[in-house]
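Single-structure report; data block below.
There are 2 protein chains.
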Amino acid sequence: MTAGTAAGDVRRGMPEKRAAIANAARVLFGREGYSRASLDAIAVEAGVSKRTIYNHFADKDELFQSVAIEGARQVTEAVAAIMERHLRKIVDLREDLTAFGMERAAAVTEFPDHFALVRTIEAEVSWIPPAVLEVWREVGPLSSHLRLAPYLRRIAERGLLAIDDAEQAANHFNLLTITDVNQRTFYGALPLPEPEVTAIVSSGVHTFLRLYGVPAAG
Amino acid sequence: MTAGTAAGDVRRGMPEKRAAIANAARVLFGREGYSRASLDAIAVEAGVSKRTIYNHFADKDELFQSVAIEGARQVTEAVAAIMERHLRKIVDLREDLTAFGMERAAAVTEFPDHFALVRTIEAEVSWIPPAVLEVWREVGPLSSHLRLAPYLRRIAERGLLAIDDAEQAANHFNLLTITDVNQRTFYGALPLPEPEVTAIVSSGVHTFLRLYGVPAAG
DNA sequence: GTCTATAAAAAGATAGAC
DNA sequence: GTCTATCTTTTTATAGAC
Numbered sequence: 049m050t051a052g053t054a055a056g057d058v059r060r061g062m063p064e065k066r067a068a069i070a071n072a073a074r075v076l077f078g079r080e081g082y083s084r085a086s087l088d089a090i091a092v093e094a095g096v097s098k099r100t101i102y103n104h105f106a107d108k109d110e111l112f113q114s115v116a117i118e119g120a121r122q123v124t125e126a127v128a129a130i131m132e133r134h135l136r137k138i139v140d141l142r143e144d145l146t147a148f149g150m151e152r153a154a155a156v157t158e159f160p161d162h163f164a165l166v167r168t169i170e171a172e173v174s175w176i177p178p179a180v181l182e183v184w185r186e187v188g189p190l191s192s193h194l195r196l197a198p199y200l201r202r203i204a205e206r207g208l209l210a211i212d213d214a215e216q217a218a219n220h221f222n223l224l225t226i227t228d229v230n231q232r233t234f235y236g237a238l239p240l241p242e243p244e245v246t247a248i249v250s251s252g253v254h255t256f257l258r259l260y261g262v263p264a265a266g
Numbered sequence: 049m050t051a052g053t054a055a056g057d058v059r060r061g062m063p064e065k066r067a068a069i070a071n072a073a074r075v076l077f078g079r080e081g082y083s084r085a086s087l088d089a090i091a092v093e094a095g096v097s098k099r100t101i102y103n104h105f106a107d108k109d110e111l112f113q114s115v116a117i118e119g120a121r122q123v124t125e126a127v128a129a130i131m132e133r134h135l136r137k138i139v140d141l142r143e144d145l146t147a148f149g150m151e152r153a154a155a156v157t158e159f160p161d162h163f164a165l166v167r168t169i170e171a172e173v174s175w176i177p178p179a180v181l182e183v184w185r186e187v188g189p190l191s192s193h194l195r196l197a198p199y200l201r202r203i204a205e206r207g208l209l210a211i212d213d214a215e216q217a218a219n220h221f222n223l224l225t226i227t228d229v230n231q232r233t234f235y236g237a238l239p240l241p242e243p244e245v246t247a248i249v250s251s252g253v254h255t256f257l258r259l260y261g262v263p264a265a266g
């Protein structure tokens with residue numbers, strides 16, 4: 049991954065073969081990492097000749113970056129849907145926060161290719177063109193991270209949480225739940241029995257509510 | 049990194065060349081990552097022929113694993129020294145915790161090779177023999193993590209903190225300070241101005257004291 | 001746009017002399 | 001134990017036909 053190639057270049061109306069290549073690349077980059085995943089293998093997995101890959105992507109770098117950004121977009125959308133499902137209407141605050149945290153943790157195991165790719169990106173961070181990296185962060189982790197704040201702010205406005213700085217509270221929620229899980233499982237690469245995941249998330253929510261809970265809503 | 053090779057094999061009384069190889073490998077694995085770092089380059093950096101590397105290490109895998117575990121040991125010792133310096137005798141709790149957090153964060157930038165290597169390990173976690181990975185975790189991150197608990201327990205026994213579960217409290221301290229910093233900087237790979245690091249650590253300590261602080265000692 | 005075939009370079013590992 | 005020189009495989013990337 050030499051610095052300097054252009055960014056994503058993801059268009060609506062992808063031709064079929066291009067999509068097949070992107071899917072195969074996501075799987076193989078995720079399973080093997082950047083260097084080990086060969087374009088030969090990606091071509092086979094996609095059912096396409098290697099030359100066709102070069103007709104759609106400038107080189108291996110651009111393919112990787114394109115796949116990374118597109119994957120980040122998908123995961124961010126999935127996380128947004130989970131937020132909407134659990135944090136739009138609050139029934140029982142503790143239960144809703146816990147269910148949100150659990151599903152968010154489960155999303156990591158549901159997109160194993162993508163999160164393996166996230167680990168690769170983190171490892172190769174010095175080799176990725178800064179502009180591409182910035183796009184990836186904004187589309188992916190930063191976006192998932194920041195979108196939580198407005199939900200918390202609304203919950204606080206209804207008097208169910210006592211929050212000064214919603215973005216800091218969102219950061220604390222993330223650190224105490226998903227970050228803790230990810231740190232222990234290497235983004236899902238090492239298996240962790242579900243009861244332990246439940247314990248971590250429940251404990252994280254508990255601590256979060258010690259920080260921001262309101263007696264009446266506890 | 050194929051699974052199945054033997055573990056560390058680090059002895060006291062390393063011959064000079066072996067040490068030179070290990071140093072060069074640490075630098076190059078850190079700078080380039082596992083796949084990109086070639087044994088040719090490592091040999092040049094070490095001022096040694098490539099054949100000599102194979103006289104000391106079975107193959108590239110074993111070299112990597114040996115370097116990773118030895119580096120983890122060194123960093124863990126450094127972190128232990130920082131703990132001892134700031135948490136053995138408490139003068140002002142908030143100040144001491146903050147100074148500890150700042151120096152711990154600084155250690156990440158002081159060992160850039162090692163933490164670049166940590167990112168590589170995390171990325172290649174599925175390719176590292178489980179036994180080697182377990183040794184690495186115990187010697188490195190897990191050890192740095194767990195050694196904090198006894199210090200907190202002693203501080204609590206002197207009445208300066210209100211702690212039930214010292215290991216959970218240690219986890220919370222780590223999440224709120226060093227993990228937050230590492231997450232934003234990719235273990236120091238992306239620069240973060242020192243004032244921002246200070247802000248994160250201070251804020252993390254503040255939150256930690258909201259959770260475990262004692263009015264008298266606040 | 002897509003394919004087969006090939007070039008050109010690089011990397012891990014080894015042979016054999018000293 | 002250490003070195004130079006070499007083998008073998010794999011990889012990225014491209015030529016040229018259809």
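Residue numbers (this note's numbering), protein chains in the order written: chain B, 49 to 266; chain W, 49 to 266.
Cβ atoms here follow ideal geometry from the backbone N, Cα and C, with glycine treated the same way.
Just measuring C-alpha positions, the residue of W/P189, W/A214, W/F234, W/P241 sitting nearest W/F256 is W/A214. Cβ neighbours of W/G188 within its own chain (closer than 7 angstroms, five residues either side excluded): A120, V123, T124. At least one beta carbon of chain B lies nearer than 8 angstroms to the beta carbon of W/L259. In the three-state DSSP reduction, B/G261 falls in the strand class (E or B). In this structure, B/A68 sits near B/G95, with a CB-CB distance shorter than 8 angstroms. Its Cα nearest to that of B/K137, the residue B/R201 stands out among B/R201, B/L165, B/E242.
Around W/R152, no beta-carbon contact reaches into chain B at under 7 angstroms, the shortest distance being about 16 angstroms. As summarised for the stretch 63-89 of chain B, the continuous alpha helix (DSSP H) elements at least 4 residues long and confined to that stretch are 64-80, given in chain order. Within chain B, the C-beta atoms nearer than 7 angstroms to that of W/S174 come from A237, in chain order.
At the C-beta level, W/A91 and W/S97 come within 8 angstroms of one another. Residue burial annotation: W/E170 is buried, with at least 16 other C-beta atoms found within 10 angstroms of its C-beta. By the criterion of a C-beta distance shorter than 7 angstroms, B/S250 is surrounded in its chain by T146, once the five residues flanking it on both sides are discounted.
Assignment of beta-bridge partners to B/L209 by DSSP yields B/G261.
Annotated three-state conformation of W/V127 is helix, per DSSP. Sequence-distant partners of W/R232 (beyond 5 residues in either direction) whose C-beta falls short of 7 angstroms from its own C-beta, in its chain, are L240. The beta carbon of B/S83 sits closer than 8 angstroms to some beta carbon of chain W. When DSSP states are grouped into helix, strand and coil, B/R133 belongs to the helix group. Bounds of the alpha helix (DSSP H) holding B/V166 are 160-171. Residue environment analysis places B/R99 among the exposed positions, since fewer than 16 neighbouring C-beta atoms fall within 10 angstroms of its C-beta. Secondary structure note for B/W184: its alpha helix (DSSP H) is the uninterrupted segment 178-187. Interface annotation, W/T227: in contact with chain B, CB-CB separation under 8 angstroms. Residue range 228-233 is occupied by the alpha helix (DSSP H) that includes B/V229.
Think of a sphere of 8 angstroms around the beta carbon of W/F234: the chain B residues whose beta carbon falls inside it are E170, V173, in chain order. In terms of CA proximity to B/V173, W/F163 leads the group W/E182, W/P178, W/F163. Distance from the CA of W/L224 to the CA of B/V262, rounded to the nearest whole angstrom, comes to 22 angstroms.
For W/R167, a Cβ of chain B is located within less than 8 angstroms of the residue's own Cβ. W/Q113 has a beta carbon lying at 8 angstroms or more from every beta carbon in chain B. The Cβ atoms of B/T246 and B/M150 lie closer than 8 angstroms to each other.
Neighbours of W/T255 in chain B, taken as residues at a C-beta separation under 8 angstroms, are given in chain order as H220, L259.
Annotation: the continuous alpha helix (DSSP H) that includes B/F221 extends over 214-222.
Look at W/A94 here: in three-state DSSP terms it is helix. W/V127 counts as buried, since no fewer than 16 other beta carbons sit within 10 angstroms of its beta carbon.
Contacts with chain W at 8 angstroms (Cβ-Cβ) include B/L224. Residue contact with chain B for W/Q231: present (Cβ-Cβ distance below 8 angstroms to some residue of chain B).
The closest CA to that of W/R152, considering only W/I248, W/Y260, W/P63, W/R74, is found on W/I248. For the 8 angstroms CB-CB criterion, W/G236 and W/T168 do not form a contact.
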